[in-house]
Each structure stands twice: as C-alpha cells, then as structure tokens.
Amino acid sequence: MAHSEVLLASLEILTRWDVLLALLVGSVGGVIIGAIPGVGAAIAIAILLPATFSMEPITGLTLLLGIYASSMYGGAIPAILINTPGSSVNALTTYNGYPMTQRGEAARALALAYGASFVGGVLAIIALITLTPVLAKVAPMFGSREIFFAACLGMILVVVSHRGQTLIALAMLGLGIFLGNIGMDAVTYTQRYSFDQVWLSSGINLIVVVLGLYAISQAFTLLVGRDSKRPPEPAVGGMFRKLFEVFRYPKVLFPSSFFGVVAGIVPGVGEFLSQFFAYSWAQKVSKAPELFGKGAPDGIVASEAANNSVPPAAMIPLLALGIPGEELTAMMLTVFYVHNVVPGPGLFRDQPEFITSLYLSMLILNILVIIFLLYASRFMLKVVAIPDRFLGVIILTLSFIGVYSLRNSFTDCLLAGVFGIFGFILKRLDLPAVPIILGMVLGKIAETKFRSSMARVDSPLEMIERPITAVLFGLILLVLVVHFVGLRRGTPKLEQFDDELHEAEKKRRTDP
Amino acid sequence: MQTDNPSRQGAEFLFIGVLLLFSLWLWSQLGTQVTYVEGQPFFKQPGLWVVIGLAIMTLGCGLHLWQLWRNGATRQGELGHELLIWARSLEFLGWFLVYVWLVPVLGYLPATVLFMLALTLRLGYTEPRLLQASVLVALATVLIFKTFLQAKIPGGALYEYLPSGLRNFFSIYF
Chain A
0 MAHSEVLLAS LEILTRWDVL LALLVGSVGG VIIGAIPGVG AAIAIAILLP ATFSMEPITG
60 LTLLLGIYAS SMYGGAIPAI LINTPGSSVN ALTTYNGYPM TQRGEAARAL ALAYGASFVG
120 GVLAIIALIT LTPVLAKVAP MFGSREIFFA ACLGMILVVV SHRGQTLIAL AMLGLGIFLG
180 NIGMDAVTYT QRYSFDQVWL SSGINLIVVV LGLYAISQAF TLLVGRDSKR PPEPAVGGMF
240 RKLFEVFRYP KVLFPSSFFG VVAGIVPGVG EFLSQFFAYS WAQKVSKAPE LFGKGAPDGI
300 VASEAANNSV PPAAMIPLLA LGIPGEELTA MMLTVFYVHN VVPGPGLFRD QPEFITSLYL
360 SMLILNILVI IFLLYASRFM LKVVAIPDRF LGVIILTLSF IGVYSLRNSF TDCLLAGVFG
420 IFGFILKRLD LPAVPIILGM VLGKIAETKF RSSMARVDSP LEMIERPITA VLFGLILLVL
480 VVHFVGLRRG TPKLEQFDDE LHEAEKKRRT DP
Chain B
0 MQTDNPSRQG AEFLFIGVLL LFSLWLWSQL GTQVTYVEGQ PFFKQPGLWV VIGLAIMTLG
60 CGLHLWQLWR NGATRQGELG HELLIWARSL EFLGWFLVYV WLVPVLGYLP ATVLFMLALT
120 LRLGYTEPRL LQASVLVALA TVLIFKTFLQ AKIPGGALYE YLPSGLRNFF SIYF
C-alpha cells in the first residue's frame, strides 16, 4: 500500500463516529481522572479494560491511550493549585507549581505545565512515528530466543528500577510469574497448582488481578481513610498567551522530553528516572537554580515535559515487539490479545493504516486536551473537591463492572476483592505492586518463548549464540553489574530525590 | 528500603513473614500440584516456570525479611493499630461482595442505586447533596456501562415480576 493510501485509510478510520467518540471521551475523561487525587490512569484503565473488549481494537486503544496520556495533564492542576498531586507522576510539579500559585502566578504555572506537557507529548509521538518502524524492521530478526531475552531484560529492569525496594520487588515479580503460570499447561495438558478447582484450572485472569491490585485496593484505601481538606481555589485566567512561554526554556524543554522518551522506551524505567534526570539537568542549566523548590518556572517545565513524553514512547516496544514496559501498556496488550491482533512487524506489514491512525489519534488527542484545558481548568477544581471516601464508593462501584462483566462470576469478584485487600496492604506499607503485573505478563511471554526456543537447541548455552541474544544477554549482565556497583557505592542524590518526591506524593493521601 | 513510617515496620515484617510462609507452603505442594513428565529434560518440564516464580518469591521474601530483622523492624511500631486498619478494609470487602450477590437478584440498576446510597450513608454522609450525587452516579454508571456500552450483566431475578414488555426492556438496558 502506498503512503498516501495508508494516510487516507487512516483518516477514514479516524473520522468514524466510534473512534471520534473514543478520542473525545479518552482525552476529556483522562484529564478529569488525572485531576482527581486518588484515581489516576491505572485505575481508570483497569475498570474500562473489559468494556473495550467489545469495541474494535483501534477504538478501544484510542480510548485507553487517551486516558493514559491526558491524565498527566490533569494531574498537574491540583499539584499546582492546591499542592496535591493528582497522581504520583505529578508530585514533582508541586515543588515549583504551588509556590508560584502562592505568589499569585497560578495561571502562568498552569500554562507552563500544559505547554511543557504538550511539547513533551508531541515530541514523544514523533519519536514513536520515527523509531517504531525502525524497530519493527529489526523485529523480524527477533525470534523466540530474542523475545525471551527481551522479556527477561524487562523483568530485571522492573526489579532494579525499584531503588531501595529491589528485594521486595523481586518477591513480587516471583509472585506474578507464579500467578501467571497457575492452571492448565497448554503443551502437556497437565494442571499446575489448580488444587482440583475448576475456577483455577483455566488460570488466574490478569484483569481480575489488575482490578484488585489497582482499583479495589484504592477504593479500600479511600474508604478506610479520612476526607482531606483542600485549600481554597486560586484565580485562574488568561492562559492562552502564557502557553507559549514554555519556548523560553528550550535548554530544559527539549532535553527533558528526550529523557522522557528514553525512559518510556526502556522497560521498567518509567517517569521517576526521567524526571530525576530532567530536573537535575534543568537545575544545572538554569539561570536561577536557587529558585528550584521555591517556584522555578523551568522546574515545572522539566517535570511536566519529562512525564508526558513517557506514554507515547512506552508504546514503541509494545507495538514493535509486543513487549510491555510497565503496567499500563501491559493492560493494553490484553486489548491486542482479545482481538487476535499480534503486535510486531506483522502488524506494520499487514495493517499499516491501523498503526498510522493510532499515531494520528495520539496527536489529535494532545490538541484536544490543550483546548479543553484552556477553558476548563477552573471547572477541574470542582472535580478535585469530591470527598475522598465518596470517591472510594464510586471506585468500588465501578470496579464491580470491570470484574463482573468478564464472565459474570462471583468467584472472580471474590478473587479481585482478595487482591484488593492484598493491594491495600501493599499501599499501606509502601510496597510495589507493579512487578506482580509485569511478572504475570512478561513471565508468560518468557515461558512461551523459552519453550519454543528450547525445542530448537540442544543446550541452553546455544541460546546466546545469535548476535541479538548475545547483545541482550550482555545488557542483562550490564544492568546487574551497574545495579550492584550502585548498591556498593550508593546513589545519595537519587535517594534524596526519591525521598523528597515520596514526601510530596504523600500530600494526596490521608491516613485513617 | 522498608516502609519509611516506623509505626508500620513491624506490620511489614509480619506481612512479608506470612508471604514467606505461604511460598514455603506452596513449595510443600509441588509434588502433588505439578506433574513431572518422564523423559523430558528439566528445562522442558511444565512446572519449570512455576518453580522459577516460587524460587524468586521465596528468595526475595527471605532476603527482605532478613534485612528488616537486621534493621530492628520487629521492635518497632504499633502492630495492633496497623492490623486494625487492615481489618477495617474487610468490612468494605463484605459490602462489595453483598453488592455482587445482589446484582443478579435485584438487577443491575436497583442494586447499584441501593449499594451506593447505603454505603454513602454508612460513611456518615447525610447531606442531601451527596445522597443525590450517589443516586445520580449510580444511574450514570448503569446508563454508560449497561445501556450504552452493553456490558455483559444479566437481568435481575426481580425483573421477572415486571410485565412482559418492560421485563425485556429492563433485562437488556438496566
């Protein structure tokens, strides 16, 4: 198919009413969800996931991607205006956003955040458009062995990226791999840890675990806690002109977006490291580094450009190789699976219009969000004012539809509830849940690919004889060596940054 | 790093300890819950990845527990207070399961309105504004997911008592 034909076919897809509606609901809904402290994209995507199974893949993915990408914009609003980050990725924005609000520069701070998010998002989409086809060209060289090592690298990165919590992250990854392997083995037709229970013989559904660990656990957290007091809303207005101020900080804006793109591509890294590098860089090149933490405009630009460039970039390994790097793209992978669409080079060859319409929808989404925010930022503060415990009631009610609509099973709901309690305890103890989800997804991929590759080799050592497997194996060793050297030497700057961010994030929680 | 809240470090020790015991119990079930296929090498056995998962889990829990013990986590914190908070979440699990049980009996719309209203009242919200909001959110949830998105939720047993035309309408849309 010629490029112009692909473009026309993609535009045709994008003008369908269901895709347009998904774009609108995803972008507006994502901003609202992101702005509510205690909800966040992961919970919303977990709840909506089963509902998207009845949609066409492009519609479902547009909706979920819309929520994923636009929630970061929304999260900056309460972070800047009331010192409460909408989600953990916006915690860094409170450092400089709220002091600016206190100085009477709320509109300027919001405009900087929106502008930086927009530029970060668009640059990441450009990276997605340019890098994914390149990776997809390399992807045919990825056989079972290469995918196996890529999945292993992803699992190791997920563990080591939990600085200071690597041991418990390792335990949770193991739990995830175990959960993902319960039930009938598809090759030998033997049962694995099903205890002769029919409901266990088909395995534990990923969505049940995701909903339990993310949505139901958050509902319990809010229901058990207290309603927090929000400060009065500051005046916001005249943002359009201020939106372009972000371009006065090119030395911060573009490198921060670059850090976000790299962090998005590498599995398990995510927003934290991209924000750390972006913020440190911004401090280094700033004309007024002493203002950082007291209302530095370039501080806001660094944190928002770095976090908003992660979602599109996270789609690169997912689309090109079928390897998710974090929990949200892992959830999106299930949309592909349900519709028998296999991400990878075949998708680029057979359905180029699908890929192009996905790119275009992400671009349109960023424009829609900016337009919506210019007019609706004040309204967003009303949404933030929903009492925490009432929000818990809403999340619990919505979680039901996510689990029950899968197969109308009381057992699924009970299991999701049990994972909800488990996730609630993890949240209380500040322990990570992400490795469980990635253990389930990547563990399954690793198992399948390991088996098919072992059928073709005589000894496990033959696995690293190919150039790509050798490189991936080398990377695994390198990551481990760097991690252990870092443990010995210590990374005080990173640890201090982590602690400070943790403190800022705590503002959105209320203890019972 | 363990939880930075000292009052919870004892609770963390207990939680990871229970998880470690659970993983050890799973190890004890290995012989009966995984089939060993004769003639197949170890790396082609169906239970290989279950064993890998369990080994990683046990190792991670064991080392983390040892680290907590070395840091004196067992001597810290009001364990009882934290356990009480965990137990309080069980009440809401109960509410959730009653809601799940009620949906096929009452139907999705009545059960959702009843659940949201009752739980809102249970939380102590008595202002008419929030009670109205709970009914409106319940209605919106049903309209979006069941009426519009056609989520697979069966019609309630109670709908059987409606006149035939209404019965079908309610079963399909509410």
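So the sequence lines, in the order shown, correspond to chains A and B. Numbering of the first sequence is given in numbering that gives the first Met the number 0, commencing with residue 0 and proceeding in unit increments. Numbering of the second sequence is given in numbering that gives the first Met the number 0, commencing with residue 0 and proceeding in unit increments. Note that beta-carbon positions come from the ideal geometry of N, C-alpha and C, so glycine has one too.
Proximity test, Cβ basis, 8 angstroms: Ser27 of chain B and chain A: Taking the second sequence and counting its residues from 1, one reaches residue 27 of chain B at position 28. So no, Ser27 of chain B is outside the interface.
Residues that Ile513 of chain A contacts on chain B, provided the C-beta gap is smaller than 7 angstroms: It is not possible to answer for residue 513 of chain A, since the shown part of chain A is limited to 0 through 511.
Within chain B, the residues that Asp184 of chain A reaches when beta carbons sit closer than 7 angstroms: Counting from 1 along the first sequence, the entry for residue 184 of chain A is found at position 185. Per Cβ cutoff of 7 angstroms: Pro45.
Span of the alpha helix (DSSP H), counted from its first residue to its last, around Leu425 of chain A: Counted from its first residue, the first sequence places residue 425 of chain A at position 426. Annotation for Leu425 of chain A: the continuous alpha helix (DSSP H) segment containing it runs 409-427.
Integer-rounded CB distance, given that Gly211 of chain A should sit under 8 angstroms from Gly391 of chain A: Numbered from its first residue, the first sequence carries residue 391 of chain A at position 392. Numbered from its first residue, the first sequence carries residue 211 of chain A at position 212. Between Gly211 of chain A and Gly391 of chain A the Cβ distance is about 15 angstroms, and since that is not below 8 angstroms, they are no contact.
Interface flag, Glu159 of chain B vs chain A, CB-CB below 8 angstroms: Start at 1 with the first residue of the second sequence, and residue 159 of chain B comes out as number 160. Judged by the 8 angstroms Cβ criterion, Glu159 of chain B is not in contact with chain A.
Cutoff 8 angstroms: Glu446 of chain A Cβ touching any chain B Cβ: To locate residue 446 of chain A, count along the first sequence from 1; it is residue 447. So yes, Glu446 of chain A belongs to the interface.
Closer than 7 angstroms at the beta carbon, the chain B residues around Gly419 of chain A: For the purposes of this step, residue 419 of chain A is taken as the residue at position 420 of the first sequence. Residues of chain B with a Cβ closer than 7 angstroms to the Cβ of Gly419 of chain A are, in chain order, Leu92.
Own chain, CB closer than 7 angstroms to Gly74 of chain A, minus 5 neighbours either side, in chain order: What you label residue 74 of chain A is simply residue 75 of the first sequence in a count that begins at 1. These residues qualify, in order along the chain: Gly33, Ala34, Pro84, Gly85, Ser86, Val88, Asn89.
C-beta neighbour in chain B for Thr396 of chain A, strict 8 angstroms: Within the first sequence, numbered from 1, the residue matching residue 396 of chain A stands at position 397. Yes - at least one Cβ of chain B is within 8 angstroms of the one on Thr396 of chain A.
Selection from A:Thr355, A:Leu172, A:Met361, A:Val284 that minimises the alpha carbon distance to Glu4 of chain A: Here the question's residue 4 of chain A lines up with position 5 in the first sequence. Comparing Cα-Cα distances from Glu4 of chain A to each of A:Thr355, A:Leu172, A:Met361, A:Val284, the minimum goes to A:Thr355.
Met462 of chain A - DSSP class collapsed to helix/strand/coil: One-based indexing of the first sequence puts residue 462 of chain A at position 463. Helix.
The region 422-443 of chain A: positions lying closer than 8 angstroms to chain B by Cβ: Phe423, Ile424, Arg427, Leu428, Asp429, Leu430, Gly438, Gly442
CB contact below 8 angstroms: Ile84 of chain B versus chain A: As a first step, residue 84 of chain B must be located in the second sequence, where it is residue number 85. Closer than 8 angstroms: yes.
Which of helix, strand or coil DSSP assigns to Arg191 of chain A: Your numbering for residue 191 of chain A matches position 192 in the first sequence. Three-state result, Arg191 of chain A: strand.
Minimum Cβ-Cβ distance from Ala45 of chain A to chain B less than 8 angstroms: By 1-based counting over the first sequence, the position of residue 45 of chain A is 46. Answer no: the Cβ-Cβ gap between Ala45 of chain A and chain B never drops below 8 angstroms.
Cutoff 8 angstroms: Tyr172 of chain B Cβ touching any chain A Cβ: Counted from its first residue, the second sequence places residue 172 of chain B at position 173. Chain A, which has no Cβ nearer than 8 angstroms to the Cβ of Tyr172 of chain B, makes this no.
Inter-residue Cα distance where the pair is Met54 of chain A and Leu148 of chain B: Taking the first residue of the first sequence as 1, we reach residue 54 of chain A at position 55. Taking the first residue of the second sequence as 1, we reach residue 148 of chain B at position 149. The straight-line gap from Cα to Cα measures roughly 9 angstroms.
Coarse secondary structure for Met183 of chain A, derived from DSSP in three states: Sequence index remark: in the first sequence, residue 183 of chain A carries index 184 (1-based). Note: Met183 of chain A maps to strand in three-state DSSP.
Neighbour-count burial assignment, Phe378 of chain A, 16 or more Cβ in a 10 Å radius: For this step, residue 378 of chain A is matched to residue 379 along the first sequence. Looking at its Cβ environment, which holds fewer than 16 other Cβ atoms inside 10 Å, Phe378 of chain A is exposed.
Through-space distance from Phe353 of chain A to Ala329 of chain A, alpha-carbon basis: For the purposes of this step, residue 329 of chain A is taken as residue 330 along the first sequence, with counting starting at 1. For the purposes of this step, residue 353 of chain A is taken as residue 354 along the first sequence, with counting starting at 1. Near 19 angstroms, if we compare the C-alpha coordinates of Phe353 of chain A and Ala329 of chain A.
Interface flag, Arg87 of chain B vs chain A, CB-CB below 8 angstroms: On the second sequence, position 88 is the one that residue 87 of chain B refers to. Chain A, which has a Cβ nearer than 8 angstroms to the Cβ of Arg87 of chain B, makes this yes.
Residue-level contact to chain A via CB, Val104 of chain B, 8 angstroms cutoff: Looking up residue 104 of chain B in the second sequence gives position 105. No, because no Cβ of chain A sits closer than 8 angstroms to the Cβ of Val104 of chain B.
Distance CB(Leu127 of chain A)-CB(Pro311 of chain A) smaller than 8 angstroms: In the first sequence, residue 127 of chain A corresponds to position 128, counting from 1. In the first sequence, residue 311 of chain A corresponds to position 312, counting from 1. In contact: Leu127 of chain A and Pro311 of chain A (Cβ atoms closer than 8 angstroms).
Limits of the alpha helix (DSSP H) - the one that Met54 of chain A falls within: On the first sequence, position 55 is the one that residue 54 of chain A refers to. Per DSSP, Met54 of chain A belongs to no alpha helix (DSSP H) and is neither H nor E.
Closest residue to Gly163 of chain A among B:Leu122, B:Tyr160, B:Val50, B:Gln66 (Cα-Cα distance): Numbered from its first residue, the first sequence carries residue 163 of chain A at position 164. Per the Cα distances, B:Gln66.
Beta-carbon contacts of Arg144 of chain A that lie in its chain and below 6 angstroms, excluding the five residues immediately before and after: Here the question's residue 144 of chain A lines up with position 145 in the first sequence. For Arg144 of chain A, where only same-chain residues beyond five positions count, the Cβ hits under 6 angstroms are Ser452, Met462, Thr468.
Beta-carbon separation (whole angstroms), Gly25 of chain A vs Ile66 of chain A, contact threshold 8 angstroms: What you label residue 25 of chain A is simply residue 26 of the first sequence in a count that begins at 1. What you label residue 66 of chain A is simply residue 67 of the first sequence in a count that begins at 1. Rounded, the Cβ-Cβ distance is 5 angstroms, consistent with contact.
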